[in-house]
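Chains as they are written, first to last, in the numbering used here: chain A, 205 to 611; chain B, 132 to 299; chain C, 6 to 198.
By construction, the Cβ of each residue, glycine as well, lies at the ideal position given by its N, Cα and C atoms.
Here's the structure, in structure tokens; my notes come after.
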Amino acid sequence: MSDHHIKLPEGSIEKTTTTLNLGPTHPATHGVFQNVLELDGERIVNTEQTIGYIHRAFEKIAERRPLYQITPLTDRMNYCSSPINNMGWHQTCEKLLGLKLPKRVDYLRVIIMELARISDHLICNSIVGVDTGAYTGFLYVMQYRELIYEIYEEVCGSRLTTNIGRIGGFERNFTNTSFEKLEKFLDEYPEVLNEFNNLFMRNRIFMERTIGTGGITAERALNYGFTGPNLRAAGVDYDVRVHSPYSSYEDFDFIIPVGKTGDNYDRFMVRNEEMKQSLSIIEQAYRKVQEFKGADAEVFHADVPEYYLPEKEDVYTKMEALIYHFKIVMGETDIPAGEVYHSVEGGNGELGFYLISDGGRTPYRLHFRRPCFIYYQAYGELIKGSMLSDAIVTMSSLNLIAGEMDG
Amino acid sequence: MSLTNDIVRARLTEKFADQVTDWEEPYGLLTFTAPKEMNLKILHFLFEDEQLRFRFLTTLCAVHYPDRKGEEMAVVYHLHNLVDNIRLRLKVFSDINQPDVFTATKLYECANWMERETYDFYGVNFIGHPNLKRIQNVEEMDYFPMRKEFPLEDQTRIDKDDVMFGRG
Amino acid sequence: MARPVQYNIKNEGGKPINIAEAPPGHTGEGFFTTKLSDLVGLARKNSIWPLPFATSCCGIEFMATMGSHYDLARFGAERIGFSPRQCDLLMVMGTIAKKMGPVLRQVYLQMAEPRWVLSVGACACSGGIFDTYSVLQGIDQIIPVDVYVPGCPPRPEAILDGIMKIQDVIGQESLRRRNSDRYKELMSSYGIQ
């Protein structure tokens, strides 16, 4: 900066840093948020983040809708793993209503949630690959995400924003086709995961790009409110599935992978290992589901008539079923008053739902604890002093999903 | 002996006497209320105490109660003790005409954006916040949308007919 | 010894092989005449360079469309770019909030003629399920749109159908359209010079 071979015009101010706008529209996959970076050459000196480019006012919409109409809203928060959001919301409602679910429903929910977790981690890891230049991994695993989408389609009819399940269970029993597709996935996927790993894990270029960049210590991570794989990569083994088990997670045997330095490579490896653990959980859950025989094998929802639509034959023949059907569809069921906070382990960490009800037909206040919003604040600290290309890799390895961030 | 809700309650009442009120335990989560001037002192006590160790701020939000005159704006903190797995909910009420609450950013870094979001939606003024401006909505917005008196829909839109939605 | 040339004329199983039709024109000994706009349209529609303006969930369905299962590359639209100066098709996928509106408009203004806009998803078409104070109720309030693809999110097949409709629009566009009065009127109704 001090050799003046460029002649500056009279009166101009010599700046020592450059301001770069990594604006809201940047290459498709990440989402809309803005980073203004101040660069000294290639090193980042200061940053400022702006979000809110996709603010859809979920919390205000939720004050207007009955409980089951809020499920499609929760889908659109973390849209890479929407079944986890749906299940979390249904469990919040069940906690408020004081429901206890049959084991088969819990195990089926676990299968769906772990499939969603695999789907979310696959996107994140393959996008980290794309950002370091390896496009192949991304295209290769997209094929297996299609398999997961097919399983969702068999259960609920939709691929991405699933609105899966109901308060009390599922809308219909899992068909044999869905179990066949699940078996096909369980057969084929472990090899694919190994091949995907071989592309990255000991790849010299990938390791040099990701080791040592974007690191954070465990204390700072806790202070910043990190949860999920980002926190586990920093060394803290906090997982909501183990600390406050929900949906019978205590019946399953799995380990929590933990990293050391919290840098990009650790995050990649933690997500990788979590996918393997999710596969093992799905296999255990599938075996447990197959153990139910006879009438137990037909159970797919709890008995909660005020919130679960009754069977059509009953609606046409019985009086109470007709009244419940009418009340549910017209949205005239009164929610019991109370305040409840429930959290589930989403793809990015602790996804919390704080629901206050005053006895009306819609919630009085619903607040979503969105992990992406909370840990994106740390981005400035993560990249200060590192180079611009490391900032890009850090952004994708944090798994920032704009829908969850703005909400 | 491991930490339970009763021990937390006993320690807090011992330290703060009658400033912590309205003890409840909805669905197992210990909840209490404190005056708004005491919020930082209570948060510091919960953070630094070696037995209590509430060192994780799960979430921070506000609730608008237009019917409670003099105390319309509530700020709710959810805290978590990760070692003993105990959660805690602290509520702080303030008047809607002067919703000033001390900021928790010096203690918890994550409170920074959470308080900005609360300011954006409800207008709660956090005293001492390093950068209190709107985060989710456009900067030029002049009202606080989540308050109960404001509608959800944009009233200037012409392509949607409110009568058809049952709101005419 | 050179490898012998191979032609795909075997067609085992009698599957129908479709040969793309030439545009209507007059053929002769060594020449073929057709309308210039047909020829230009044929070239343009089979080599679209899309700009994926993906904001939310529809963006993930777009990623699935780009994947190998529902390949977008077979329509010639493989080279996606993020620079508005280089692209012809602006695919707006996802909710556009009022904060994002000026950014979208600026990206549209930076695109060079001829340019087309594909609005993917219910949120981009009309605000979708988010009838709130912070969401723009449809991008056609700020930029002119050529094809709308409904759905929440639309299946990749629906997005491909939208691309095919855009190809029809591009293939049949008259060469004088961008200078015509009607187009100028359309642009001025959006406040674009």
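Excluding five sequence neighbours on each side, which residues of the same chain lie with their C-beta closer than 6 Å to the C-beta of residue i?
{"i": "V503(A)", "result": "P306, R308"}
{"i": "N136(B)", "result": "L161"}
{"i": "I217(B)", "result": "L134"}
{"i": "T465(A)", "result": "G419"}
{"i": "G584(A)", "result": "T251"}
{"i": "N212(B)", "result": "R184, F185"}
{"i": "R445(A)", "result": "Y453, E549"}
{"i": "Y607(A)", "result": "Before going further, note that residue 607(A) is Gly rather than Tyr in the sequence given. Cβ within range, chain order: R280, M281, Y283."}
{"i": "V108(C)", "result": "none"}
So with CB distances below 9 Å, who are the chain B contacts of residue i?
{"i": "V544(A)", "result": "P157, Y158, L160"}
{"i": "K299(A)", "result": "Y158"}
Which partner residues of residue i appear in the DSSP bridge assignment?
{"i": "D231(B)", "result": "N256(B)"}
{"i": "A165(B)", "result": "V223(B)"}
{"i": "R218(B)", "result": "H211(B)"}
{"i": "E34(C)", "result": "E34(C) is not bridged to any residue."}
{"i": "P55(C)", "result": "L94(C)"}
{"i": "T190(B)", "result": "H209(B)"}
{"i": "M204(B)", "result": "H195(B), S225(B)"}
{"i": "H505(A)", "result": "G373(A)"}
{"i": "M591(A)", "result": "R247(A)"}
{"i": "N239(A)", "result": "L226(A), Q253(A)"}
{"i": "A102(C)", "result": "V140(C)"}
{"i": "T152(B)", "result": "T164(B)"}
Between residue i and the rest of its own chain, which residues show a CB-CB distance below 7 Å, the 5 nearest in sequence each way excluded?
{"i": "E218(A)", "result": "L212"}
{"i": "A232(A)", "result": "Model confidence at A232(A) stands at a pLDDT of 48, short of 50, so the residue's coordinates are unreliable and nothing is read from them."}
{"i": "N401(A)", "result": "N476"}
{"i": "H259(A)", "result": "D610"}
{"i": "A59(C)", "result": "F67, M98, G99"}
{"i": "V255(B)", "result": "A193, M204, V206, P230, V232, T249"}
{"i": "E190(C)", "result": "none"}
Note down, in chain order, every chain B residue with its Cβ under 8 Å from the Cβ of residue i.
{"i": "T137(C)", "result": "L283, E284, D285"}
Give every residue of the same chain whose Cβ lies closer than 8 Å to the Cβ of residue i, excluding the five residues on either side of it in the sequence, and list them in chain order.
{"i": "Q198(C)", "result": "M192"}
{"i": "T144(B)", "result": "V151"}
{"i": "F80(C)", "result": "N51, I53, L165, I168, M169, Q172"}
{"i": "R142(B)", "result": "D180, Q182, L183"}
{"i": "E487(A)", "result": "L390"}
{"i": "E162(C)", "result": "Y75"}
{"i": "A102(C)", "result": "S139, V140, L141"}
Going along chain C, which residues have a C-beta under 8 Å from residue i?
{"i": "G260(A)", "result": "The sequence shown places Arg at residue 260(A), rather than the Gly named in the question. Here the neighbours are T100, A102, F135, T137, S139, V140."}
{"i": "Y283(A)", "result": "S61, C62, I65"}
{"i": "Y257(A)", "result": "T60, A102, K104, M105, V108"}
Going along chain C in order, which residues have a C-beta closer than 9 Å to the C-beta of residue i?
{"i": "K291(B)", "result": "S131, G132, D136, Q142"}
{"i": "T365(A)", "result": "C62, C157, P158"}
Confirm the yes/no value for this check: CB of residue i, any heavy atom of the ligand SAH, distance under 7 Å.
{"i": "E252(A)", "result": "Questions concerning the ligand SAH fall outside what the structure shown contains, since it holds no ligand whatsoever."}
For residue i, go through chain A and note every residue whose CB falls closer than 9 Å to its CB, in chain order.
{"i": "P276(B)", "result": "A261, K264"}
{"i": "L213(B)", "result": "L426, V440, Y442, H447"}
{"i": "E240(B)", "result": "R424, N427, Y428, G429, Q581, A582, E585"}
What residues of chain A sit near residue i, judged by a beta carbon separation below 7 Å?
{"i": "N243(B)", "result": "Q581"}
Can you name the residues of chain C whose CB is closer than 7 Å to the CB of residue i?
{"i": "E288(B)", "result": "Reading off the sequence shown, one finds Arg at residue 288(B), where the question assumed Glu. Simply Q142."}
- Item | chain C contacts made by the region 329-347 of chain A, where a contact means CB separation under 7 Å | Within the region 329-347 of chain A, the qualifying residues are L343, M346, Q347.
- Of all the alpha helix (DSSP H) runs that stay within the bounds of the region 242-275 of chain A, which reach a length of 4 or more residues? With a minimum length of 4 residues, the continuous alpha helix (DSSP H) runs that stay inside the region 242-275 of chain A are 262-266.
- Interface residues of the region 147-167 of chain C facing chain A [CB-CB below 8 Å]: Within the region 147-167 of chain C, the qualifying residues are C157, P158, R160.
- Item | 4 or more residues per run - each alpha helix (DSSP H) lying fully within the region 318-400 of chain A | Listed in chain order, they are 339-360.
- Let me know the beta strand (DSSP E) ranges lying completely inside the region 538-585 of chain A, each 3 residues or longer, listed in chain order. When DSSP assignments are scanned along the region 538-585 of chain A, the uninterrupted stretches of beta strand (DSSP E) that are 3 or more residues long and fall wholly within it turn out to be 542-549, 554-561, 569-573.
- Item | Contacting positions in the region 258-270 of chain B - beta carbon closer than 7 Å to chain C | Going along the region 258-270 of chain B in chain order, one finds N268, V269 with a Cβ nearer than 7 Å to chain C.
- Item | Cβ-based contacts, 7 Å cut-off: residues of the region 175-202 of chain B near chain A | Taking 7 Å as the Cβ-Cβ cut-off, the region 175-202 of chain B approaches chain A at R186, F187, L188, T189, T190, C192, V194, given in chain order.
- Check each residue of the region 428-461 of chain A: if its Cβ is closer than 8 Å to any Cβ of chain B, include it; give the result in chain order. Of all residues in the region 428-461 of chain A, only Y428, G429, V440, Y442, H447, S448 come within less than 8 Å of chain B when Cβ atoms are compared, listed by chain position.
- Hey, which unbroken runs of the alpha helix (DSSP H) at 4 residues or more fall wholly within the region 112-166 of chain C? Segments of the alpha helix (DSSP H) lying fully in the region 112-166 of chain C: 127-131.
- Message: Output needed in chain order: residues of the region 105-127 of chain C with a Cβ under 7 Å from some Cβ in chain A.
- Response: Residues of the region 105-127 of chain C with a C-beta less than 7 Å from any C-beta of chain A: M105, V108, V112, listed in chain order.
- Selection of the region 568-590 of chain A by Cβ proximity to chain C, strictly under 9 Å: Listed by position along the chain: nothing, the set is empty.
- Task: Write down every uninterrupted run of the alpha helix (DSSP H) in the region 407-471 of chain A whose length is 4 residues or greater and which is fully enclosed by it, in chain order.
- Result: Listed in chain order, they are 408-414, 422-427, 433-438, 444-447.
- Query: Of all the residues that make up the region 70-88 of chain C, which are near chain A by a beta-carbon distance shorter than 7 Å?
  - Reply: Within the region 70-88 of chain C, the residues whose Cβ lies closer than 7 Å to some Cβ of chain A are G72, S73, H74, F87, listed in chain order.
- Note down, in chain order, all residues in the region 596-610 of chain A with a beta-carbon under 7 Å from any beta-carbon belonging to chain C. Those residues of the region 596-610 of chain A that come within reach of chain C (Cβ to Cβ, closer than 7 Å) are A606, G607.
- Task: For the region 545-569 of chain A, enumerate the residues whose C-beta is nearer than 9 Å to any C-beta of chain B, in chain order.
- Result: Within the region 545-569 of chain A, the residues whose Cβ lies closer than 9 Å to some Cβ of chain B are Y545, H546, S547, E554, G556, Y558, I560, Y568, R569, listed in chain order.
- Item | Near-chain A residues of the region 209-238 of chain B - C-beta to any C-beta below 8 Å | Residues of the region 209-238 of chain B that bring their beta carbon within less than 8 Å of a beta carbon in chain A comprise H209, L213, N216, R218, R220, in sequence order.
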